[in-house]
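Residue numbers (the working numbering), protein chains in the order written: chain A, 1 to 252; chain B, 1 to 451.
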């Protein structure tokens, strides 16, 4: 589904990703772990198409098509979804209005009929249950005054509604207490399916107790230096990143 | 200023006609008022950009043009034609003025509460002007304002609304000023007087629309007296044409514990100047001045506000927001005067601007003058562009770039619009903003033609 080859990317002239390779097949859940500054969020943002991240080398194929020239909205329409590490607060725009606009843009692209307000609300109400959020969320301004946990749950809610083919979760566990973490994980697990893939980016192993990955990768200095099964995450938890750093011959 | 004699000729002729009782037989005090105002106007002349209060707003195009008083016809105007600008049958009282004159056939006067008056100022002047004499031209001063002086000299008609003490008017009162401008450049000087008795409550919408292709000049003055503990909401809407000049002063006087909420919303017009002034003349008064200006093409809008805290324990809040596209220019000047006696004043002023193009310009200036020593005053202004993070967030969910920008711009404006308490008005503005901002590209183009 997703093939990343020799990806190099810079932010404000500083190279963050330095030759990253990764392949994700449909139905798989990949965890990308790594210390701060290793390039985890850069990877997420490059895949979602943030323009301030400049790709200097390499290529990314999504369903066999070149992803990099696509606009962020085109990627969303193709089925890529990024759950933000820091969801943006937008006063004056209700979650319902915003999400309906997004969903209908995507449906239109897929050749589906656009949903009217009534059908949308009926559908959204069902999906809200998955993340255990109140219906009032729909009429509140997008993320405005939300707690950290509410924002993250709202991200998962949006993911469930937009029904992506590839979901990228950027540190969705950060700032969550254990109850919120479980709700988020349940939402993600509910979406696991043979034709959908996920990339779960996280600093800590904790989330992976609830979202069990098929593959775990360690990102260091902009490259994947080690890959393995779910056991790798436990090793990291126990031995820390220094162990991988020493192993990879990188400066600690 | 000296250059002006020729510029005024037209107005002097208009005045001569009014003074000779051409249309309205005026009482002696009224004639005196006009005469004094005309003298003041000719002494002041049209302001130039050397005048501190007009530094960024050049009214030379108004001074240069020869605007004629409109003919007293309705130019075949029908209720259907006005329907988009009214609130339909549930709207309550509606006073419609066409080219400056009251149009009873287009107005709606459902059962008014006992003792309440709502109608044509000219009508009241002709019938029995005793209710007007103590108030008319007592609040909006001619002294330093040429356009107020000109209005006072040349006024013919406008709305007179008087709500008796203790009366709550349940439905909004809509004052609708329509300029037909079919071919000749015309001028009107609408003059409104709103008297709120002690403990009364009302909502007034004052809106200005243009229909025709010709240039015109609206020079309006609204005076408002709010009695003790009375509550008034005043929403002003400027929807003039791209060929229109709109200069207006809203002057409110608040008694003890009175509450005044004003919104000045500018949606269109070639040159718009709103002066919104409130005097907190009794203890415990509360005033909110909000505004929104939505500019594109080569439009120019200038909002001047002035709040006088004359007495202790009053509070004032001010939020003006501007969205500027194309080559438009905006001005915000907000004065707060805290007089020596006005201890425990609580005043806050905010002006936020969103620039959507490289060529749009905003001049914003807060002016606080504080003579009392125990007060809380704050002000702040911002000028910015759309937040890139927010744009990316919306696009990552499937919204196109233009849709994302439009939605964020709408959100910026909605902070002011969402405060409107009159549901049909809020709904109409909401739809209007949505429609306009959805196609920002077309809307913000330098062509000056709204999409």
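Built from N, CA and C at the ideal position, the CB exists for glycine as well.
Of all C-beta pairs linking the region 66 to 74 of chain A to the region 398 to 409 of chain B, three or more are shorter than 8 Å, placing the two stretches in contact. For residue 70 (chain A), the secondary structure class from DSSP, reduced to helix, strand or coil, is coil. Taking 8 Å as the CB threshold, residue 48 (chain A) lines the interface with chain B.
Counting only runs of 3+ residues, the beta strand (DSSP E) found wholly inside the region 85 to 173 of chain B occupies 94 to 98, 117 to 120 and 159 to 163, in chain order. Of all residues in the region 104 to 128 of chain A, only 105 and 106 come within less than 7 Å of chain B when Cβ atoms are compared, listed by chain position. Chain A has no Cβ within less than 8 Å of the Cβ of residue 34 (chain B). DSSP lists B:187 and B:245 as the bridge partner or partners of residue 217 (chain B). Exclusion of the five residues before and after residue 198 (chain A) leaves 29 and 167 as the residues of its chain whose Cβ lies within less than 6 Å of its Cβ.
Residue 213 (chain A) has a beta carbon lying at 8 Å or more from every beta carbon in chain B.
Classified as buried, residue 100 (chain A) has 16 or more neighbouring CB atoms from the shown chains inside 10 Å of its CB. Residues of chain A whose Cβ lies closer than 8 Å to the Cβ of residue 390 (chain B) are, in chain order, 88 and 90.
At a cut-off of 8 Å, the C-beta of residue 398 (chain B) has a neighbouring C-beta in chain A. Nearest Cα to residue 278 (chain B) within the set B:263, B:252, B:99 and B:259: B:252. With fewer than 16 other Cβ atoms from the protein chains shown falling within 10 Å of its own Cβ, residue 118 (chain A) counts as exposed. Contact residues of the region 415 to 442 of chain B toward chain A are 415 (C-beta to C-beta distance below 7 Å). Here DSSP, grouped into helix, strand and coil, assigns residue 313 (chain B) to coil. Taking C-beta atoms as the reference points, residue 116 (chain B) and residue 162 (chain B) count as a pair closer than 8 Å.
8 Å or more divides the Cβ of residue 27 (chain B) from the Cβ of residue 188 (chain B). Contact check for residue 237 (chain B) against residue 267 (chain B) passes: the beta carbons are separated by less than 8 Å. Look at the beta carbons and you see the region 254 to 263 of chain B touching the region 282 to 299 of chain B: at least three pairs across the two are nearer than 8 Å. Assignment of alpha helix (DSSP H) within the region 355 to 398 of chain B, counting only whole runs of 4 or more residues, yields 388 to 395 in chain order. For the set A:85, A:123 and A:106, the Cα lying nearest the Cα of residue 173 (chain A) is the one of A:85. Any Cβ of chain B closer than 8 Å to the Cβ of residue 162 (chain A) would place that residue at the interface, and such an atom is present. Straight across, the Cα-Cα distance linking residue 16 (chain B) with residue 180 (chain B) is about 24 Å.
By the CB criterion at 8 Å, residue 174 (chain B) and residue 276 (chain B) fall outside the cutoff. At least one CB atom of chain B sits nearer than 8 Å to the CB of residue 82 (chain A).
Positions of the beta strand (DSSP E) runs, each at least 3 residues long and wholly inside the region 282 to 335 of chain B, are given as 286 to 295, 300 to 309 and 315 to 324 in order along the chain.
Just measuring C-alpha positions, the residue of B:156, B:217 and B:214 sitting nearest residue 18 (chain B) is B:156. Within the DSSP secondary-structure output, residue 49 (chain B) pairs in no beta bridge.
Beta-bridge annotation (DSSP): residue 94 (chain A) is paired with A:141. Under the three-state reduction of DSSP output, residue 405 (chain B) falls in the helix class. Excluding the 5 residues flanking it on each side, residue 49 (chain B) has same chain C-beta neighbours closer than 7 Å at 55 and 58, in chain order.
Annotation: residue 126 (chain A) is outside any beta strand (DSSP E); the continuous alpha helix (DSSP H) that includes it extends over 117 to 130. CA-to-CA, the gap between residue 11 (chain B) and residue 97 (chain B) works out to about 21 Å. Chain order gives the chain A residues near residue 408 (chain B) as 90 and 93, where near means a beta carbon separation below 8 Å.
Scanning B:154, B:92 and B:145 for the CA closest to the CA of residue 14 (chain B) turns up B:154.
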